[in-house]
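The next block holds one structure in the form of C-alpha cells; read it before the comments.
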Amino acid sequence: MGFKIIGTGSQLPKKAVSNAQLATFLDTSDDWITSKTGIKSRTICSDETITDLAAQAALTALNNANLSIADIDLLVCATMSADYAMPSMACCVLEQLGGACPAFDVNAACSGFVYALDVADSFISTRKAQNVLVVAAEMMSRMLDWTDRTSSILFGDGAAACVLTAGDSLKYLNVTATPQIAPLFAKASNGNNPFVQNVQNYPNYPQDSVNNFLQMKGQHVYKFAVTTIQQEINLALNALHLQADEITYFILHQANTRIIESARTRLKLPLEKFPMNIEKYGNMSAASIPVLLDEMLQQNAIKSGDLLMLIGFGGGLTSGTAVLQW
Ligand code: UT7
Numbered sequence: 000m001g002f003k004i005i006g007t008g009s010q011l012p013k014k015a016v017s018n019a020q021l022a023t024f025l026d027t028s029d030d031w032i033t034s035k036t037g038i039k040s041r042t043i044c045s046d047e048t049i050t051d052l053a054a055q056a057a058l059t060a061l062n063n064a065n066l067s068i069a070d071i072d073l074l075v076c077a078t079m080s081a082d083y084a085m086p087s088m089a090c091c092v093l094e095q096l097g098g099a100c101p102a103f104d105v106n107a108a109c110s111g112f113v114y115a116l117d118v119a120d121s122f123i124s125t126r127k128a129q130n131v132l133v134v135a136a137e138m139m140s141r142m143l144d145w146t147d148r149t150s151s152i153l154f155g156d157g158a159a160a161c162v163l164t165a166g167d168s169l170k171y172l173n174v175t176a177t178p179q180i181a182p183l184f185a186k187a188s189n190g191n192n193p194f195v196q197n198v199q200n201y202p203n204y205p206q207d208s209v210n211n212f213l214q215m216k217g218q219h220v221y222k223f224a225v226t227t228i229q230q231e232i233n234l235a236l237n238a239l240h241l242q243a244d245e246i247t248y249f250i251l252h253q254a255n256t257r258i259i260e261s262a263r264t265r266l267k268l269p270l271e272k273f274p275m276n277i278e279k280y281g282n283m284s285a286a287s288i289p290v291l292l293d294e295m296l297q298q299n300a301i302k303s304g305d306l307l308m309l310i311g312f313g314g315g316l317t318s319g320t321a322v323l324q325w
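Residues in the sequence shown are numbered consecutively from 0, following numbering that gives the first Met the number 0.
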C-alpha cells in the first residue's frame with residue numbers, strides 16, 4: 000500500500016520583484032539573469048510570514064480534498080527557512096489551522112518535498128496514518144546576501160501543500176544524499192555562546208564560510224544537477240521498465256531553465272513534457288515542485304492515468320525522485 004494525492008494548494012507572496020528591480024541595487028541585468036537562468040521575476044515575503052503562506056496553502060489543499068484539519072493524522076513540512084528554529088514550521092502551521100497530530104519538519108533543502116513524500120508514504124504504508132498533510136514552504140529571501148549578485152538573483156519565496164491518503168498512485172520513490180557541504184550551504188549561528196573559539200576547526204567545515212548567508216558554487220551545483228537528473232531518470236525508468244516518452248510530465252525542481260533544458264535535450268523529448276514556472280518565481284527550493292504541481296492541476300493539465308516524474312536536487316547534496324500515476 001502507498002498513497003495518492005487527493006488535494007493540493009499553493010500560496011505565493013504578494014510582492015513580485017523583477018530582474019529590473021534587482022538591477023537597481025545589484026550589478027546585474029535582466030538580460031544576464033534571463034539568459035543564464037530563465038528567471039524574469041520572483042515573489043518575496045514582505046508583510047506576510049512564510050508560516051502564513053504555508054497555512055493558507057495547507058487550507059486550500061484540505062478544502063480541495065474535502066477534509067478538515069481534524070482528519071489529518073500527520074503533518075510534515077519540508078523547509079530549511081522556517082520562521083522559527085523551534086518550534087517546527089509544522090507545529091506553527093498546525094496551530095494556525097487549529098489541529099492536533101504529530102507534526103515535524105524535514106530539511107533536505109531543494110529535495111525536501113520528495114523526502115517529505117517518502118516520510119508520508121512510510122507512515123501511510125505502516126498504517127500509522129490514514130491522511131497526511133505535506134507542506135513545502137521556503138522563505139529563501141531570509142537566507143540570501145542581497146549584495147551578492149551570484150546567488151540572490153536565483154531564489155524566491157513560496158508555499159504549497161498536498162493531502163495524501165492511502166492509495167496506489169506512488170509507483171517509485173528514491174531519495175539519496177552524497178554529502179558535500181562546500182558547494183551549497185548556509186552556516187547556523189552560534190548565538191552568543193561565550194565558549195566557542197574557532198568554528199573553522201569543525202570537521203569538513205568549508206574554510207571560506209564567513210557569515211550565515213547562503214553560499215553557493217554555482218557551476219559545481221549546476222554540474223551536479225545535470226548529472227543527477229540524468230542518473231535519477233535512468234534509475235526510475237529502469238526500475239519501472241518504462242521508456243522516457245511514456246512519462247507524461249517531468250516535474251523537475253525549478254533551479255534553472257538551462258538545467259531542465261539539458262535533461263530534455265538528452266532525452267530528445269518535447270518541451271511540453273517539462274513544465275516550468277521558474278520564469279515567474281525563481282528557485283523556491285522545496286516549494287518549487289509542489290507549487291508547479293498545484294498550478295498544473297489548476298490548469299487541468301494533468302489527467303487521470305498520467306505518469307508524473309518529480310525530481311528534486313540541491314543542498315546536501317541531496318536528490319529525490321518520485322513517480323506518481325495520477
Ligand atoms: O536549487 C539548487 C541550487 N542552485 C542551483 O541549481 C544553481 C546552479 N547554478 C547555476 O544555475 C549557474 O551556475 C548560475 C546561474 C548560478 C551562474 O551561471 P554560470 O553560467 O555558471 O555563470 P558563472 O558563475 O560562470 O559567471 C559568469 C560571469 C562571471 O563573470 P566573469 O568572471 O566571467 O567576468 C560572474 O561574475 O557572470 C558574472 N555574474 C553575473 N553577471 C551579471 C555572476 N552573477 C551575475 C549576475 N549578473 N547576477
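Every residue, glycine too, gets a C-beta built ideally from N, C-alpha and C.
One thing to note: Val113 has its Cβ no nearer than 8 Å to the Cβ of Ala262. Annotated as proximal: Ser110 and Phe312, with beta-carbon spacing under 8 Å. Closer than 7 Å to some heavy atom of ligand 1: that describes the Cβ of Cys109. Leu73 is not a Cβ neighbour of Ala135, given a cutoff of 8 Å. For Lys279, the enclosing alpha helix (DSSP H) stretches over residues 277 to 280.
Membership of Tyr221 in any beta strand (DSSP E) is not indicated; the residue belongs instead to the alpha helix (DSSP H) covering 217 to 239. Shortest Cα-Cα distance from Arg41 to any of Tyr280, Thr48, Ser318 involves Tyr280. Contact between the segment 298 to 307 and the segment 246 to 260 is present: 3 or more CB-CB pairs across the two stretches fall below 8 Å. A contact is defined here as three or more CB-CB pairs under 8 Å, and the segment 52 to 71 meets this definition with respect to the segment 148 to 158. In this structure, ligand 1 has no non-hydrogen atom nearer than 7 Å to the beta-carbon of Thr226. Between Leu236 and Ala243, the CB-CB gap stays under 8 Å. For Pro178, the enclosing beta strand (DSSP E) covers residues 169 to 179. Counting only runs of 3+ residues, the beta strand (DSSP E) found wholly inside the segment 75 to 150 occupies 102 to 105, 130 to 138, in chain order. Ala176 and Ser87 have their C-alpha atoms roughly 23 Å apart. Val92 sits away from Leu116, with the two beta carbons spaced by 8 Å or more.
When distances are taken from the beta-carbon of Thr27 to the heavy atoms of ligand 1, the shortest one is below 7 Å. Annotation: Lys222 to Ser67 spans about 43 Å, alpha carbon to alpha carbon. Residue ranges of uninterrupted beta strand (DSSP E) with 3 or more members, entirely inside the segment 8 to 48 and ordered along the chain, are 14 to 17, 40 to 43. Placement of the Cβ of Leu183 at a distance of less than 7 Å from at least one heavy atom of ligand 1 is found. Listed in chain order, the non-local C-beta contacts of Phe122 below 8 Å within the same chain comprise Asp72, Leu73, Ala128, Val131, local neighbours out to five positions each way being set aside.
Taking 7 Å as the cut-off, one finds at least one heavy atom of ligand 1 near enough to the beta carbon of Leu153. Distance from the CA of Asp144 to the CA of Phe212, rounded to the nearest whole angstrom, comes to 6 Å. Within 10 angstroms of the beta-carbon of Asn255 lie 16 or more other beta-carbons, which makes it buried.
The three-state reading of DSSP puts Thr317 in strand, counting E and B together. Contact check for Ala185 against Lys216 fails: the beta carbons are separated by 8 Å or more. In terms of CA proximity to Asn276, Ile288 leads the group Leu316, Ile32, Val195, Ile288. Scanning its chain for C-beta atoms nearer than 7 Å, with the 5 sequence neighbours on each side dropped, one finds around Ile43 the residues Pro12, Lys14, Val16, Ser140, Gly155, Asp156, in chain order.
Thr36 has its Cβ nearer than 7 Å to a heavy atom of ligand 1.
For Leu239 and Gln230, the gap between their C-alpha atoms comes out near 14 Å. Nearest Cα to Ala107 within the set Trp325, Gln324, Gly315: Gly315. Phe212 is bridged by DSSP to nothing; it lacks a bridge partner. Going by beta carbons, Leu61 and Gly97 fall outside the 8 Å limit.
Closest by C-alpha distance to Gln95, out of Ala77, Ala84, Ala69, Leu296, is Ala69. Phe24 sits exposed, since fewer than 16 C-beta atoms from the chains shown fall within 10 Å of its C-beta.
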